[in-house]
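Trainee: Can you read through this structure? Questions will come right after.
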Amino acid sequence: MTTIRQRRVGKGTEAAEDQPSEEKNVKPDGKVPPGPPGGKLWNILSITVGGIVAISLGLLTSVYVATLHENDLWFSNIKEVEREISFRTECGLYYSYYKQMIQAASIQQGLHGLVYDNKTESVRTINILERMNVYQEVFLSILYRILPIQQYLEPVYFYIYTLFGLQAVYVIALYVTSWLLSGTWLSGLLAACWYITNRVDTTRVEFTIPLRENWALPFFAVQIAAITYLLRTHLQPAQQRLTLMAVFIATFLFSLTWQFNQFMMLIQALALFILDCLDMLPTAKVTWLYIIQISGLLLVCVLQFFNSMILGSLLISFNVSVLIARTIQKNLKKGGLLNRLGKLILHVLLVLCLTLLINKFIKKILNLESDEHIFKFLKAKFGFGATRDFDAKLYLCEEAFGLLPLNTFSRLSSTLLFYVYGFVLFLLTVAAVIVAFRNLSGSNQAQVKEKMEEYTVTLKPDAAYSLVHTVLFGCLALSTMRMKYLWTSHMCVFASFGLCSTEVWKLLLKCLHLYTSQRTQVIKYSIPIITLLYISFKFWPGIMDELSELREFYDPDTVELMNWIKSNTPSTAVFAGSMQLLAGVKLCTGRTLTNHPHYEDKNLRERTKQIYQIYAKRSPGEVHGILRSFGTDYVILEDSICFERRHSRGCRLRDLLDVANGHIMDGLGENEPDLKPSVYPRFCEEIKKNLPSYTMHFTRVFQNKTFHVYKLAKHK
């Protein structure tokens, strides 16, 4: 297994934009009159300083994570094979295609090798560009080949520096979003500082560099920043068009770089739907955002050779259903409270039914089953019946797909982030409920506004979107730990915006009968500055200690295995084993695989379950027949899987296989009544005894403390 060791050397939101504005200093034509020259100069100065701070913080974050990566692995000093092994599991698989494109004789041959790939899955030719989101590797490899940098920068450094550079984009986008929401760049500064000091819970880029989310989340943050600007009132037509273009580009890049894009944007679409139903967002802008999501996803679908999983996504079905339902129910936003609620319930039911019908129709036409494992996992996770499905259990038993651990909140609280977040969330939720009720009841009429103007609770469209966004992604993070990075980064934005927001403090002070304009301004700036000082004094020494701690990559067993494979097996040899290990085998040796970690294909999932019979209770003849059916020449057995102790009984890989095969699990504990003992011992244990029934099919050709490699006999 890979380890790290110490180095041995040193207001109410309106439904439509044409409604009268309640903001002061706004002309009837919607334009804001110019202020005094001094104020304009101050704004320019503030924007300039804020922009410089944003770029500086972004670059510092990039340098910070790059330094942590170097310090953890001593990346500049280790061998190439060690660098490649450090790209664990699916990270190694994705990086292998970048390496393949770099090593190809020409760009055309490299692309041909990806479109007609027969080394990722043995006895099958697959289109990598259709199956996986690797256009970023293709683009980066082409860029590396055409730029005059080969003699100055190794391909691996060009790759990782690009990912670390995207962290600068990520932090700048978070900074700008918070700035747009609050109106002061001090909020952006606080958001960026919280992102950095909560690094353990906001990013994992320094140790999972090629992971798809590390490519995608910076573009998602840019998209959210653009949507935040789009939802501002009184945008000029040219500004709105440019912002819509920015939203589209960011949505497209986000969709292109991550296979789970459709599920994240579905949550975003749900947020837009909720706010539109409650009259808290302009309907025209929401419609544009629905269309942008659909068009961005369809463009990705075309680039991925009409990937059926995209066409069958719930996002497309949902967005189309909303647009259809809206044309059917044209008077949805008229009437009193009870009338509106009745229409709203009917609208929600109509959208839900249309979504399910359209999605089922598309999947029936396309015979789509690529994403069924996700729905099996969700069904089992949320208690809609127990499952013995191997794929669903494989996800359920992984910590990353479990509930968010409670110690996450203690870490977030240590930087004051969670406390501030909870405070802002409570205030804005109360404000949102009041505004939503007022919108639905029709109590936002002009005469009522005149009477209640001084006490009316308001919520701007951008703040309303940010609120629902953080609530929905918070629910996702609480249910699935791996998705917490979508929530915690936005948590930094939301908390910093609330702490620096005039509206939030105005609401609180009015409730306490302490409101004055001067007091609000003092609190708005003093509290964030005090918070920044606290974070700096408490965490700066720890960050410096972290940057001075030097460690070294150490995994001699895997290095030995990869070197042996390269030196002692034909380049056409086919290897079977665990998904995680085989990704490294492909990257380090270029050998053909039977299976791999990119799990979004039904045939691959069935193949993986069959290959994993090497850890089940099966006869040597059966295992040999299964492996040879996939063209296997060598099989790699791992003691860490065969004798696994990381998971509890019932979640070990061998237990999942036993239950799926109808066999009783090993060890003390209960078994389901219909499970029976196997007539065969466990294959991965018994093969090591060199019994004749095993040696006639398998010959051990390599062994160390972690791995055992067996060559398969080719007799029929």
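With my numbering, the residue at position 356 of the sequence shown is 770, and numbering never jumps. Positions of the beta carbon are idealized from the N, C-alpha and C atoms, including for glycine.
The alpha helix (DSSP H) spanning Lys898 covers which residue range?
Mentor: It spans 898-913 - the alpha helix (DSSP H) in which Lys898 sits, taken as one unbroken run.
Trainee: Where Met897 and Gly453 are concerned, what is the direct C-alpha to C-alpha distance, given to the nearest angstrom?
Mentor: Each residue's alpha carbon lies about 43 angstroms from the other.
Trainee: With Gly991 and Val1037 assumed to form a contact (beta carbons below 8 angstroms), what rounded beta-carbon distance in angstroms separates them?
Mentor: Contact flag wrong, Cβ pair sits at about 13 angstroms.
Trainee: Between which residues of its own chain and Asn1009 is the CB-CB distance below 6 angstroms, once the five residues before and five after are set aside?
Mentor: Contacts found: Met993, Arg1021, Thr1022, Ile1025.
Trainee: Excluding the five sequence neighbours on either side, which residues of its own chain have a C-beta within less than 6 angstroms of the C-beta of Ala639, listed in chain order?
Mentor: Closer than 6 angstroms at the Cβ level, and outside the excluded window around Ala639, lie Ala587, Val590, Thr591.
Trainee: Indicate whether the contact test is met: 3 or more Cβ pairs, each with one atom in the segment 869-880 and one in the segment 767-786, closer than 8 angstroms.
Mentor: Judged by Cβ distances under 8 angstroms, the segment 869-880 makes no contact with the segment 767-786, as fewer than three pairs qualify.
Trainee: In this structure, how does DSSP classify Pro442 when only helix, strand and coil are distinguished?
Mentor: Low confidence applies here, because Pro442 scores a pLDDT of 38, under 50, leaving its location unreliable and the question unanswered by this model.
Trainee: If you reduce the DSSP assignment to three classes, tell me which class Asp531 lands in.
Mentor: Asp531 falls in the strand class under three-state DSSP.
Trainee: If I follow the unbroken beta strand (DSSP E) through Ala1132, where does it start and stop?
Mentor: The structure shown does not extend to residue 1132, since the chain spans only 415 to 1130, so no value can be given for it.
Trainee: What do you get for Ala652, buried or exposed, if any count of 16 or more other CB atoms within 10 angstroms of its CB means buried?
Mentor: Exposed.
Trainee: Could you name the residues that DSSP lists as bridge partners for Tyr1124?
Mentor: Val1049, Arg1114, per the DSSP bridge assignment.
Trainee: Once you ignore the five residues that flank Ser727 on each side, which residues in its own chain have a CB closer than 6 angstroms to its CB?
Mentor: The residues are Gln676.
Trainee: From His1182 to Thr534, what distance separates their C-alpha atoms?
Mentor: No answer is possible for residue 1182: it lies beyond the span of the chain, which begins at 415 and ends at 1130.
Trainee: Considering only the beta carbon of each residue, do Ala845 and Leu921 sit closer than 8 angstroms?
Mentor: It is a contact, given that the beta carbons lie within the stated cut-off.
Trainee: Figure out for me which residue from Leu881, Ser915, Tyr809, Val583 has the closest Cα to the Cα of His787.
Mentor: That would be Tyr809, whose Cα lies nearest to the Cα of His787.
Trainee: Using the DSSP secondary-structure output, state which residues sit across from Leu1007 in a beta bridge.
Mentor: Leu1007 is bridged to Phe989.
Trainee: Let's test the definition: count the other Cβ atoms within 10 Å of the Cβ of Glu504 and tell me whether it reaches 16, buried, or not, exposed.
Mentor: The residue is buried, with at least 16 neighbouring Cβ atoms inside 10 Å.
Trainee: Look at Asp1080 and Arg1068 and say whether their C-beta atoms are less than 8 angstroms apart.
Mentor: Yes, Cβ-Cβ distance for Asp1080 and Arg1068 is below 8 angstroms.
Trainee: With 16 as the cutoff for other CB atoms within 10 Å, does Ile937 come out buried or exposed?
Mentor: Buried: at least 16 other Cβ atoms inside 10 Å.
Trainee: Under 7 angstroms Cβ to Cβ from Lys438, same chain only, skipping five residues before and after it: list those, please.
Mentor: Residue confidence for Lys438 is low, a pLDDT of 40 falling below 50, so the modelled location carries little weight; the figure read from the coordinates is stated next. So no residue of the chain qualifies.
Trainee: Decide if Glu864 is buried, meaning its Cβ has at least 16 other Cβ atoms within 10 Å, or exposed.
Mentor: Because Glu864 sits at a pLDDT of 47, beneath the cut-off of 50, its placement in the model cannot be relied upon, and the following sentence gives the value as read from the coordinates. Under this definition Glu864 is an exposed residue.
Trainee: Hey, would you say Leu595 sits closer than 8 angstroms to Phe911, going by beta carbons?
Mentor: Yes, Cβ-Cβ distance for Leu595 and Phe911 is below 8 angstroms.
Trainee: Tell me which residues share the same chain as Lys699 and place their Cβ nearer than 7 angstroms to its Cβ, disregarding the 5 neighbours each side in the sequence.
Mentor: So the qualifying residues of the chain are Leu644, Leu645.
Trainee: Is the separation between the beta-carbon of Thr983 and that of Arg1005 shorter than 8 angstroms?
Mentor: Yes, Cβ-Cβ distance for Thr983 and Arg1005 is below 8 angstroms.
Trainee: For chain C, find out if any of its Cβ atoms is closer than 8 angstroms to the Cβ of Asp1053; answer yes or no.
Mentor: No chain C is present in this structure, which holds just one protein chain.
Trainee: What is the DSSP secondary structure of Lys1090, reduced to helix, strand or coil?
Mentor: Strand at Lys1090.
Trainee: Between the C-alpha atoms of Lys1128 and Ile521, what's the straight-line distance to the nearest angstrom?
Mentor: Between Lys1128 and Ile521, the C-alpha separation is close to 37 angstroms.
Trainee: Using a Cβ-Cβ cutoff of less than 8 angstroms, which residues in the same chain neighbour Phe576 once the five nearest sequence positions on both sides are dropped?
Mentor: As written in the sequence, residue 576 is Thr, which differs from the Phe given in the question. So the qualifying residues of the chain are Leu554.
Trainee: For Leu926, report the span of its alpha helix (DSSP H) as first-last.
Mentor: No alpha helix (DSSP H) contains Leu926, which DSSP labels as neither H nor E.
Trainee: Taking the alpha carbon of Leu473 as the point to measure from, which residue in Val583, Glu544, Glu494 has its own alpha carbon closest?
Mentor: Looking at the Cα atoms, Val583 is the closest of the given residues.
Trainee: Which residues bound the alpha helix (DSSP H) around Ala519?
Mentor: It is not in any alpha helix (DSSP H) - Ala519 carries neither H nor E in the DSSP assignment.
Trainee: Smallest Cα separation from Asp1015: which of Ala891, Glu620, Glu544, Tyr512?
Mentor: It is Glu544 whose Cα lies nearest to the Cα of Asp1015.
Trainee: Pick helix, strand or coil for Ile1078, following the three-state DSSP scheme.
Mentor: If DSSP states are grouped into helix, strand and coil, Ile1078 belongs with coil.
Trainee: So Asp615 packs on Leu826, CB below 8 angstroms; how close in whole Å?
Mentor: Correct: roughly 6 angstroms between the Cβ atoms.
Trainee: The ligand ZN and Ser500: does any heavy atom of the ligand fall closer than 7 angstroms to the residue's C-beta?
Mentor: No copy of the ligand ZN appears in this structure; indeed no ligand is present at all.
Trainee: If you count every other CB in all the chains shown that lies within 10 Å of the CB of Ile623, and 16 or more means buried, which is it?
Mentor: With 16 or more other Cβ atoms within 10 Å, it is buried.
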